[in-house]
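Inspection log for the structure reproduced underneath, given as structure tokens.
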Amino acid sequence: MPRLSQFFLAFLTVVGALIPGASRAEQAWPQGTIRVIVPFAPGGLTDVIGRTLANELGQSLKVPVIVENKSGAFGLVGTEYVALAKPDGNTLLVGGGIVALADALYPKLRFDPRKDLTPVSMIERNGLLLVATNADEQMRNAKLADLLTAARERPASLAVASFGSGSISHMALEALESSQRVDLLHVPYRGTAPAMQHLIGGQVPLMFDNSVTALPQVRAGKIRALAYTGSQRLPQLPDVPTFLELGMPEMNVYNFFGLYVPSGTPVAIVERLNAEANRIFSTPQVIAKFAEMGAELHPGSAGDFARFLEGERSRWGSLIRTRGIRPE
Numbered sequence: 000m001p002r003l004s005q006f007f008l009a010f011l012t013v014v015g016a017l018i019p020g021a022s023r024a025e026q027a028w029p030q031g032t033i034r035v036i037v038p039f040a041p042g043g044l045t046d047v048i049g050r051t052l053a054n055e056l057g058q059s060l061k062v063p064v065i066v067e068n069k070s071g072a073f074g075l076v077g078t079e080y081v082a083l084a085k086p087d088g089n090t091l092l093v094g095g096g097i098v099a100l101a102d103a104l105y106p107k108l109r110f111d112p113r114k115d116l117t118p119v120s121m122i123e124r125n126g127l128l129l130v131a132t133n134a135d136e137q138m139r140n141a142k143l144a145d146l147l148t149a150a151r152e153r154p155a156s157l158a159v160a161s162f163g164s165g166s167i168s169h170m171a172l173e174a175l176e177s178s179q180r181v182d183l184l185h186v187p188y189r190g191t192a193p194a195m196q197h198l199i200g201g202q203v204p205l206m207f208d209n210s211v212t213a214l215p216q217v218r219a220g221k222i223r224a225l226a227y228t229g230s231q232r233l234p235q236l237p238d239v240p241t242f243l244e245l246g247m248p249e250m251n252v253y254n255f256f257g258l259y260v261p262s263g264t265p266v267a268i269v270e271r272l273n274a275e276a277n278r279i280f281s282t283p284q285v286i287a288k289f290a291e292m293g294a295e296l297h298p299g300s301a302g303d304f305a306r307f308l309e310g311e312r313s314r315w316g317s318l319i320r321t322r323g324i325r326p327e
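In terms of numbering that gives the first Met the number 0, the sequence shown has 42 at position 43, counting the first letter as 1, and numbering is strictly consecutive.
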């Protein structure tokens, strides 16, 4: 019997040596420090999402979880960093819409968003507000239908700002032009802050902006909201119609943020992270915190998120190719 026991132990040792590295990592996870990469500067919505996730995840997993902001190129710098990272569950991405737009907009990327990133869970989504300056007297009472009629009569006369060429703000503008057969003047900025500053000052009359960042300025009376791209009216702005109500279903547009890991991360780790994200972003206090900002938390399964991403890639990829859109 002792010899049999020794043989059995030796057999288990050999089998253990044959277990793939991913399986060993899966069994050991979590160990060490987990990094949540936020591909934008501190202070924005993505950063708030990342820090909420890191704080709650650290308490649940009993390991240090820290946020690292790696901003640049509308989120591409941080997104690429995670896509090329070791798939051991210790490098996470809170990424935005660029994950769905990148391959169509940037054909020479060093990574493939489809192949190199695994979607874990959607976390948040928000529609965009088409907002107008209050610095111009004519814009204070202007209706969207009248503005579009005037723009058709005078092509490229109506300027609309976005928070970046190739951003979801830009895509909303392109969708409006395509669906309404109107030629607008796109004015891209390097981020929301400078665009909002010029909108408030009257240097540009209109802008597509995230509801989260536009809402405080609307509440303060500095700008006026004309329409919302979400499927339902914003509770904070009940008098502002949706584009759907205005007869423009093509303008059902959402910006979104979700959790990703490098492809090759063990399935058990992906499933655990999905369960944690769903738990964290479904608690009443977290929901209330984000609702006050105008953000709509929308966690769910990894499969649902993957299908949503493919739908966004198909939709925007087709528009990008048809209209020949290239980031400036």
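Beta carbons are placed, not taken as given, at the ideal position from N, Cα and C, and that holds for glycine.
These figures come from a predicted structure and were not determined experimentally.
Cutoff 6 Å; reference Asn273; Cβ partners in own chain excluding five residues on either side | Val119, Ser120 and Ala301
Pick helix, strand or coil for Met292, following the three-state DSSP scheme.
-> coil
Does DSSP put Tyr105 in a helix, in a strand, or in coil?
-> coil
Could you check the C-alpha separation between Val130 and Val181 for me, to the nearest Å?
-> 18 Å
Applying the criterion that 16 or more other CB atoms from any shown protein chain within 10 Å of the CB defines a buried residue, is Gly220 buried or exposed?
-> exposed
Do you know how far the Cα of Lys288 is from the Cα of Gly20?
-> Legend: pLDDT at Gly20 = 48, less than 50; position of this residue unreliable, no value from coordinates given.
Could you tell me which residues DSSP puts in a beta bridge with His185?
-> Val159
Distance CB(Met206)-CB(Leu198) smaller than 7 Å = yes
For Pro187, the nearest candidate out of Leu175, Ile167 and Leu233 (CA to CA) = Ile167
Closest by C-alpha distance to Asp208, when choosing among Glu309, Thr32 and Leu128 | Leu128
When the Cα atoms are used, what is the spatial distance from Gly323 to Val269?
-> 36 Å
Range of the contiguous alpha helix (DSSP H) that encloses Ile279 | Val266 to Ile279
Please classify Gln30: is it buried, with 16 or more other beta-carbons within 10 angstroms of its beta-carbon, or exposed?
-> exposed
Going by the CB atoms, is the gap between Ala134 and Phe162 shorter than 7 Å?
-> no
Indicate whether the contact test is met: 3 or more Cβ pairs, each with one atom in the segment 28-44 and one in the segment 84-96, closer than 8 Å.
-> yes
Just tell me which of Ala171, Asn125 and Arg153 has its CA closest to the CA of Thr212.
-> Asn125
Close-in-space but distant-in-sequence residues of the same chain around Ser276 (CB under 6 Å, 5 per side omitted) | Just to set this straight, residue 276 is Ala in the shown sequence, not Ser. Closer than 6 Å at the Cβ level, and outside the excluded window around Ala276, lie Ser120, Leu258 and Pro298.
Please classify Ile18: does DSSP put it in a helix, a strand, or coil?
-> Note that Ile18 scores a pLDDT of 49, beneath 50, so its modelled location is shaky and nothing firm can be said.
For Glu395, which residues from the same chain have a beta carbon less than 7 Å from its beta carbon, with the 5 sequence-adjacent residues on both sides left out?
-> Within the shown structure, residues of the chain are numbered from 0 to 327, placing residue 395 beyond reach of any answer.
Beta-bridge partners of Leu127, as assigned by DSSP = Asn209
For Arg320, I'd like the list of residues in its chain whose CB is within less than 8 Å of its CB, leaving aside the five on either flank, ordered along the chain.
-> Ala103
When we look at the beta-carbon of Gly51 and count the other beta-carbons within 10 Å, is it buried (16 or more) or exposed?
-> For clarity, residue 51 is Thr in the given sequence; the question names Gly instead. That one is buried.
Of all the options Ser164, Gly200, Thr45 and Ser59, which has the alpha carbon lying nearest to the alpha carbon of Val66?
-> Thr45
Stretch-stretch touch, CB-based, cutoff 8 Å, three pairs: the segment 107-116 with the segment 62-82 = yes
Nearest-angstrom Cβ-Cβ length linking Thr132 and Gly201, presumed shorter than 8 Å | 5 Å
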